[in-house]
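Asks:
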Amino acid sequence: MRAFAARLRSAAWLGWQIESNWADPFLFVVYAVARPLASALILVGMYWAVAGQATHRELFMAFYVANAFHVFLTNLVIGMGWLIVEEREDYETLKYVYTSPIGMFTYLAGRSTVKLTLATVSATLALAVGWIALGLRWDWSTVAWGPLALTLALGLVAGVYLGFLVAGAGLLLPRVSITMNESLAVALYLLCGVIFPIDLLPRAPGRLAGAALHLLVRGAAPLPARARGEHQALGLVRRHAAGGVGAPARWCSCWHHAGVTVRSSGARASSGAWIRARRSRGRPPREGTMIAHEPHILRLYVMRLLYLLNFLFLAPDVWPPLIHHNGPWDPVKGVAFSFWAALSTLCLLGIRHPLKMVPVLLMQFVYKLIWLLAVALPMWPTMRGAELTRVMLGGVIADVIVIPWVYVWITYFLQPGDRWRFSVQAR
Amino acid sequence: MLPAVGMSAFVLLYRALGAPKSFEAVAVLGGILSFYWINVLWGMGAQLYWEKQQGQLALYFAAPCSRMSILTGMALGGALMTTLRTLFGIAVGFGVLGVRVPHFHLGALLLVFAAGLLALYALGMTLASVFLLYGREAWHVSNALQEPVYFVSGLYFPLRTLGAFGWAMAGIVPLGFGLDAMRQVVLGSAAHGLLPVPIETAILFGLGLFFLMTARFALDYLERLAKREGRLTQRWQ
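Chains H and G, in that order, give the protein sequences.
Heads up, the numbering used here is the position in the first sequence plus 221, with the first residue counted as 1.
Heads up, the numbering used here is the position in the second sequence plus 23, with the first residue counted as 1.
1. Strictly below 7 Å CB to CB, what residues from chain G border H/Gln-274?
2. Taking C-alpha atoms, which residue in H/Glu-515, H/Asp-639, H/Thr-345 lies nearest to H/Trp-630?
3. What residues from chain C crowd round G/Arg-38, counting only those whose CB sits closer than 8 Å?
4. May I have the straight-line CA-CA distance separating H/Gly-356 from G/Ser-176, to the nearest angstrom?
5. What residue ranges within the stretch 293–371 of chain H form continuous alpha helix (DSSP H) runs of no fewer than 4 residues, ordered along the chain?
6. To the nearest angstrom, report how far apart H/Thr-363 and H/Val-286 are at their CA atoms.
7. Decide if H/Ala-479 is buried, meaning its Cβ has at least 16 other Cβ atoms within 10 Å, or exposed.
8. Give me the chain G residues within the contact set of H/Ser-260, using Cβ-Cβ distance strictly less than 9 Å, ordered along the chain.
9. In chain G, what lies closer than 7 Å to H/Trp-237 by C-beta?
10. Please state whether the Cβ-Cβ distance between H/Ile-305 and H/Leu-392 is less than 8 Å.
11. Can you find a CB in chain G that lies within less than 8 Å of the CB of H/Ala-563?
12. Is any beta-carbon of chain H found at less than 8 Å from that of G/Val-196?
13. With distances taken between CB atoms, is the gap from G/Leu-143 to G/Gly-201 smaller than 8 Å?
14. Taking H/Arg-358 as the reference, give the member of H/Ile-624, H/Gly-236, H/Ala-283 with the closest Cα.
15. Can you pull the chain H residues whose beta carbon is under 9 Å from the beta carbon of G/Thr-149, in chain order?
16. Would you say G/Leu-178 touches the ligand GTP, meaning its beta carbon is less than 7 Å from a heavy atom?
17. For H/Pro-549, report the span of its alpha helix (DSSP H) as first-last.
18. Find out if the Cβ-Cβ distance for the pair G/Gly-40, H/Val-415 is shorter than 8 Å.
19. At a cut of 8 Å, does the stretch 143–152 of chain G reach the stretch 168–187 of chain G through at least three beta carbon pairs?
20. Closer than 9 Å by beta-carbon distance: list the chain G residues that pair up with H/Tyr-410, in chain order.
21. If you pair each beta-carbon of the stretch 290–297 of chain H with each one of the stretch 370–387 of chain H, do three or more pairs fall below 8 Å?
22. Would you grab the beta carbon distance between G/Phe-174 and H/Ala-259 for me? Rounded to a whole angstrom, and I think it's under 8 Å.
23. With a Cβ-Cβ cutoff of 8 Å, do G/Gly-96 and G/Val-51 count as a contact?
24. What did DSSP end up calling H/Phe-634 once you bin it into helix, strand or coil?
25. First and last residue of the alpha helix (DSSP H) that includes G/Asp-203?
26. Identify, in the order they occur along the chain, each residue of the same chain with its Cβ nearer than 6 Å to the Cβ of H/Gly-658, setting aside the five sequence neighbours on each side.
27. Using 8 Å for Cβ pairs, my map puts G/Phe-154 next to G/Ala-69. What's the rounded Cβ distance?
28. By how many angstroms is the C-alpha of H/Lys-316 removed from the C-alpha of H/Pro-307?
29. To the nearest angstrom, report how far apart G/Asn-62 and H/Leu-346 are at their CA atoms.
30. Report the three-state DSSP secondary structure of G/His-128 (helix, strand or coil).
31. With distances taken between CB atoms, is the gap from H/Tyr-633 to H/Cys-568 smaller than 8 Å?
32. For G/Leu-227, which residues of its own chain have a beta-carbon under 8 Å away from its beta-carbon, when the five flanking residues on both sides are left out?
33. Is G/Val-135 helix, strand or coil by DSSP?
34. Report yes if the C-beta distance between H/Leu-582 and H/Ile-624 is below 8 Å; otherwise report no.
35. Give me, in chain order, the residues of the same chain whose beta-carbon lies closer than 6 Å to that of H/Ile-239; leave out the 5 immediate sequence neighbours on both sides.
36. Given a cut-off of 8 Å on the beta-carbon distance, is the pair H/Leu-576 and H/Tyr-628 in contact?
Structure, rendered in structure tokens:
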């Protein structure tokens with residue numbers, strides 16, 4: 222851990238040197254803030270131009286704040302793609318980074334901290350200019366600090382991981398990586414509806430693409446809020462500027478953002494796989510390659526604990542009613558109890574073979590997730606306090622933490638599948 | 024395609040704010056001109072710098088023709104190709120987004136457009152030398168100035184909105200006057216123009232001649248420097 226922190230610090234320091242070494246500090250500060258500030262000022266100019274004639278002026282503040290926060294997305298997601306281009310094509314140092322002990326991911330993570338810092342400065346400055354110079358005032362008493370902090374934190378993690386994905390794609394697509402970065406930047410700006418309601422996009426395919434990207438990048442904000450074109454990170458102005466969204470909806474958006482974060486983590490794993498695939502291209506597979514990806518012994522014990530708890534909490538609740546129930550059961554309810562009974566029994570095997578039985582945990586994770594999304598979410602106001610919801614939510618969180626996702630990814634997606642034809646031995 | 028995407032966002036912002044329809048046309052015209060500005064900045068200004076980075080700049084200086092003729096050819100080719108690209112922006116603005124403009128005088132539009140292009144590409148020829156002289160610094164500064172130039176040129180809103188500041192900045196970057204003149208020809212009084220069109224056109228021609236002379240001077244200086252120091256054509260210099 223200490224070594225990782227040291228490598229991360231070195232990468233961050235190197236990133237700062239690269240970002241800032243071409244100019245004196247004053248010029249660099251101007252450079253760092255000029256673009257995002259000018260983007261904000263363009264919006265302000267547009268607003269000034271129509272101030273006397275616009276009919277939905279109250280929306281402008283929401284768009285302004287969204288535009289300020291958008292710099293995080295630009296810096297983290299697109300910035301990571303540019304980083305690969307710079308290292309490979311401008312400085313030609315990518316090969317040295319690649320072969321150095323620091324490791325590609327640590328290096329990218331360290332560089333992303335600098336970009337995050339610059340984005341924070343830019344966003345803060347844009348908000349400050351809006352507040353002080355332009356008179357864009359929001360009501361601090363309506364700020365939902367909890368959801369805002371959680372959404373921002375999850376959004377930043379998701380942004381970094383999506384940046385890994387863009388960097389991974391940039392590594393594999395050298396000839397088009399510049400175009401890809403430029404396209405992504407404007408596509409994110411347009412299709413995320415940063416400065417306009419997303420439903421103003423022309424009909425399909427534009428709206429379809431917009432919705433897909435919107436979901437990918439920002440998570441699914443509560444539908445009414447999304448229709449008004451608000452940004453996910455706009456917890457602070459949502460009620461003030463756009464007419465009010467209740468607390469459940471705000472937390473709900475955080476929950477969706479968590480989903481984006483999980484998906485983005487998968488993206489990071491996939492970009493890692495690309496890098497590994499590139500590294501191993503042309504070489505025979507080495508013996509013991511998988512050993513490096515096997516979970517830590519501590520995780521195996523945590524998995525065993527989860528299997529055990531599954532059995533202890535589930536079996537006493539489902540087996541007795543199955544054996545001793547009176548009269549005929551509703552068949553669908555019977556399916557649910559039979560499923561839980563099978564699950565609890567298979568969990569016993571998991572205690573002995575935690576990795577081999579990981580599909581059981583995956584099954585548990587997926588069915589609980591489906592239940593939360595398909596059953597609980599549509600009636601969230603009534604279901605949020607239900608004990609079953611808490612159980613399902615807790616189960617999903619526990620599964621997310623305990624399941625060895627890298628192992629799952631490598632085993633079920635990267636390794637060759639089982640044969641589809643008769644082998645010579647079988648014949 | 025990319026500037027058209029950004030342009031669409033600004034058109035939709037006007038639509039979201041409930042602004043008069045003429046402002047959508049203001050944004051579309053700005054988006055179309057942004058194609059040219061990007062070409063001037065990166066296709067013209069950065070061209071020699073890129074050639075240097077790729078190690079081919081020496082061939083330019085060794086070529087049996089003047090650098091000015093090379094840059095002029097680049098400008099004409101860049102303008103032609105960019106005009107083809109703007110067709111996409113026109114299709115997006117007036118086709119996909121459904122922005123409409125009143126009838127206008129095509130000849131007047133072509134005249135102010137030509138004046139604007141002359142001034143813009145002459146500036147691009149000057150920038151080519153500046154990029155080459157100052158290398159990375161010029162690259163970064165130009166990169167940093169992209170959005171600020173959009174702002175001070177009133178790319179997506181009438182330049183008059185910026186008041187005296189707009190007047191001052193329009194004289195520096197010809198994009199502002201060119202755009203303002205085109206908007207006035209197309210939209211009339213709804214463009215909220217800065218100066219009468221004939222005056223703006225005259226200023227644009229004047230700026231074009233001024234930047235052409237500047238470019239000539241800068242290229243001569245650059246050539247002398249290259250011959251004297253022999254380092255301008257080397258990478259990382």
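The C-beta atom is built at its ideal place from N, Cα and C for all residues, glycine as well.
Replies: By the coordinates alone:
1. Residues of chain G whose Cβ lies closer than 7 Å to the Cβ of H/Gln-274 are, in chain order, Ala-42, Pro-43.
2. Ranked by Cα distance from H/Trp-630, the first of H/Glu-515, H/Asp-639, H/Thr-345 is H/Glu-515.
3. Absent from the structure: chain C. Protein chains present are H and G.
4. Distance between the alpha carbons of H/Gly-356 and G/Ser-176 is about 23 Å.
5. Within the stretch 293–371 of chain H, the complete alpha helix (DSSP H) runs of at least 4 residues are 300–306, 315–320, 325–353.
6. A direct Cα-Cα distance of roughly 15 Å separates H/Thr-363 from H/Val-286.
7. The predicted position of H/Ala-479 is uncertain, since its pLDDT is 49 and thus under 50; a value taken from the coordinates is nonetheless stated next. Buried.
8. Going along chain G in sequence order, the residues near H/Ser-260 (Cβ under 9 Å) are Glu-170, Tyr-173, Phe-174.
9. Within chain G, no residue comes near H/Trp-237; the closest Cβ sits about 15 Å away, beyond 7 Å.
10. The answer is yes: Cβ separation under 8 Å.
11. Judged by the 8 Å Cβ criterion, H/Ala-563 is not in contact with chain G.
12. No, because no Cβ of chain H sits closer than 8 Å to the Cβ of G/Val-196.
13. A distance below 8 Å separates the beta carbons of G/Leu-143 and G/Gly-201.
14. Of H/Ile-624, H/Gly-236, H/Ala-283, the residue nearest in Cα terms is H/Ala-283.
15. Within chain H, no residue comes near G/Thr-149; the closest Cβ sits about 21 Å away, beyond 9 Å.
16. The ligand GTP is absent from the structure shown, which contains no ligands of any kind.
17. First-last for H/Pro-549: undefined, no H or E at that position.
18. According to the sequence provided, residue 40 of chain G is Leu. The question's Gly does not apply to it. For G/Leu-40 and H/Val-415, no; Cβs fall outside 8 Å.
19. Look at the beta carbons and you see the stretch 143–152 of chain G not touching the stretch 168–187 of chain G: under three pairs across the two are nearer than 8 Å.
20. Result: Val-28, Gly-29, Ala-32.
21. With contact defined as three or more Cβ pairs closer than 8 Å, the stretch 290–297 of chain H and the stretch 370–387 of chain H are in contact.
22. Between G/Phe-174 and H/Ala-259 the beta-carbon gap is near 5 Å, inside 8 Å, which marks them as a contact.
23. Result no, Cβ atoms of G/Gly-96 and G/Val-51 do not sit closer than 8 Å.
24. Assigned with DSSP and collapsed to three states, H/Phe-634 falls in helix.
25. Where G/Asp-203 is concerned, the enclosing alpha helix (DSSP H) stretches over 197–210.
26. Limits of chain H in this structure are 222 at one end and 648 at the other, which puts residue 658 of chain H out of reach.
27. About 5 Å; that satisfies the 8 Å criterion.
28. Looking at the sequence itself, residue 307 of chain H is Glu, so the reference to Pro does not match. Cα-Cα distance, rounded: 12 Å.
29. Using only the alpha carbons, I get a separation of about 30 Å.
30. Three-state DSSP puts G/His-128 in coil, outside helix and strand.
31. With contacts defined by Cβ atoms closer than 8 Å, H/Tyr-633 and H/Cys-568 do not form a contacting pair.
32. Taken in chain order, the residues that qualify are Val-135, Ala-138, Gly-139, Leu-141, Ala-142, Pro-197, Phe-200, Gly-201, Ala-204.
33. DSSP places G/Val-135 within a helical segment (H, G or I) once states are collapsed to three.
34. H/Ile-624 sits close to H/Leu-582, with the two beta carbons spaced by under 8 Å.
35. Taken in chain order, the list of residues that qualify is empty.
36. H/Leu-576 is a Cβ neighbour of H/Tyr-628, given a cutoff of 8 Å.
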